[in-house]
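**Student:** One structure, pasted below without further comment.
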Amino acid sequence: MALPFPFSAIVGQDEIKQALLISAVDPTISGVLIFGDRGTGKSTAVRGLAALLPKIRVVTGCAYSCDPGATAKLCELCQGGADRPEPKSRLMPAPVVDLPLGATEDRVVGALDLERALARGEKAFEPGLLAQAHRGFLYIDEVNLLEDHLVDLLLDVAASGENLVEREGLSVRHPARFVLIGSGNPEEGELRPQLLDRFGLSVEVGTPQDLPTRVEVIRRRDDFERDPQAFVAKWKRRDDRLRSKVVAARRSLAEIDASDAILESAARLCMALGAHGLRGELTLVRAARALAALEGKAEVGLDHLRSVAPSALRHRLRRDPLDEAGSTVRVDRGIEEVLGP
Ligand SMILES: [Zn+2]
């Protein structure tokens, strides 16, 4: 398997790195949408993050990567009886599963294993991409070109953490908890606002415009491609440090306090921006809490709100016919007005 480019070696791209780390700390934030041109390293960042995260322990031979330590939310096979012996397990990296454009619903949710049905007359379920993505990431390149009903389905499963397949005489339920990452090029079709709103965070990535950054990007890419192993070894300590931060943040997340004043600021910002629904506020507060956890803080501060507000809100703004400014500019303006400069 090819070595992924180390997450810490990615030059700049702070917003996407922050959003991905937040989603790794608190997967209930419902995924990340990444807008940007081709070749801006969107999938590199996702693969780098997955490689950096702690390995997961899975039941050997389980098609759903069940956690042997979990007692609830196991697949039917792993549930077994009370006298079930301790299952064999192994460690593996958090999966990153690519959902190819044009993938059928069967391929995504799983389907009747036709070969077995025809050869042996058995009704067996062949798990799909959702099963593979359990406990990792599901990456959809060009999510805006995917059929709406599939995006709906993916968001439903991502929110419930469970895939229920009832068709062709099969009835299968299996755990499918994953972070959904969708990337899209805004010039190639748009997502419906209802779908946009269901993604937790959104980020915009672009090609860096200043010379020194571009030179550094090329230098690191070139170093990596000439000797991937040496390059990964060189960045290992920084990746390790980041991994420890994520692990500590996951542990402390539940303890981190968001005061009434912080909740009020979050609500005032969403009102000022006209972000519809309460999902904006909720995501804003959760993302700020995850960021505070990553920084090892005991409580959420205004700076955390400020820092995550563009990612949490820019895709939830209503179009304003009297305001030509892009959504990022509008969020920045709102932050300055409501939270102060
Ligand atoms: Zn299992």
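Counting in this note's numbering, the sequence shown tops out at residue 418, every number present. No residue lacks a Cβ here, since even glycine has one placed at the ideal position from N, Cα and C.
Could you give the uninterrupted runs of the alpha helix (DSSP H) lying entirely in the stretch 312–398, keeping only those of 4 residues or more?
**Tutor:** 337–350, 356–371 and 379–390
**Student:** What first and last residue would you give for the beta strand (DSSP E) that runs through ASP175?
**Tutor:** As a working mapping, residue 175 is identified with position 98 in the sequence shown. That run of the beta strand (DSSP E) goes 173–176.
**Student:** Which value, in whole angstroms, describes the spacing of the CA atoms of MET169 and SER120?
**Tutor:** Along the sequence shown, read from residue 1 onward, the residue named residue 169 stands at position 92. Along the sequence shown, read from residue 1 onward, the residue named residue 120 stands at position 43. Going from the Cα of MET169 to the Cα of SER120 covers about 20 Å.
**Student:** Just tell me which of ARG193, GLU358 and ASP183 has its CA closest to the CA of VAL385.
**Tutor:** Translated into the one-based positions of the sequence shown, residue 385 becomes position 308. Closest by alpha carbon: GLU358.
**Student:** Given a cut-off of 9 Å on the beta-carbon distance, is the pair THR284 and GLY116 in contact?
**Tutor:** One-based indexing of the sequence shown puts residue 284 at position 207. One-based indexing of the sequence shown puts residue 116 at position 39. Going by C-beta atoms, THR284 is nearer than 9 Å to GLY116.
**Student:** Cβ of VAL102 within 9 Å of Cβ of ALA367?
**Tutor:** Here the question's residue 102 lines up with position 25 in the sequence shown. Here the question's residue 367 lines up with position 290 in the sequence shown. Yes, they are a contact pair.
**Student:** So is ALA331 buried or exposed if we call it buried at 16+ other beta carbons inside 10 Å?
**Tutor:** Taking the sequence shown and counting its residues from 1, one reaches residue 331 at position 254. So ALA331 ends up on the exposed side.
**Student:** Along the chain, where does the beta strand (DSSP E) containing LEU110 start, and where does it finish?
**Tutor:** By 1-based counting over the sequence shown, the position of residue 110 is 33. Element bounds for LEU110: 109–113.
**Student:** Give every residue whose Cβ lies closer than 6 Å to any heavy atom of ligand 1, listed in chain order.
**Tutor:** VAL136, CYS139, TYR141, CYS143, LEU151, CYS152, LEU154 and CYS155
**Student:** First and last residue of the alpha helix (DSSP H) that includes GLY238?
**Tutor:** Position 161 of the sequence shown, counted from the first residue, corresponds to residue 238. Where GLY238 is concerned, there is no enclosing alpha helix (DSSP H), given that its DSSP letter is neither H nor E.
**Student:** If you count every other CB in all the chains shown that lies within 10 Å of the CB of GLU267, and 16 or more means buried, which is it?
**Tutor:** By 1-based counting over the sequence shown, the position of residue 267 is 190. Exposed, by the Cβ-count rule.
**Student:** Could you tell me whether any Cβ in chain C is nearer than 9 Å to the Cβ of ARG314?
**Tutor:** This model lacks chain C altogether, as it is built from one protein chain only.
**Student:** If you draw a straight line from the C-alpha of GLU293 to the C-alpha of ARG328, how long is it?
**Tutor:** As a position in the sequence shown, residue 293 is number 216, starting the count at 1. As a position in the sequence shown, residue 328 is number 251, starting the count at 1. It is roughly 35 Å from the alpha-carbon of GLU293 to the alpha-carbon of ARG328.
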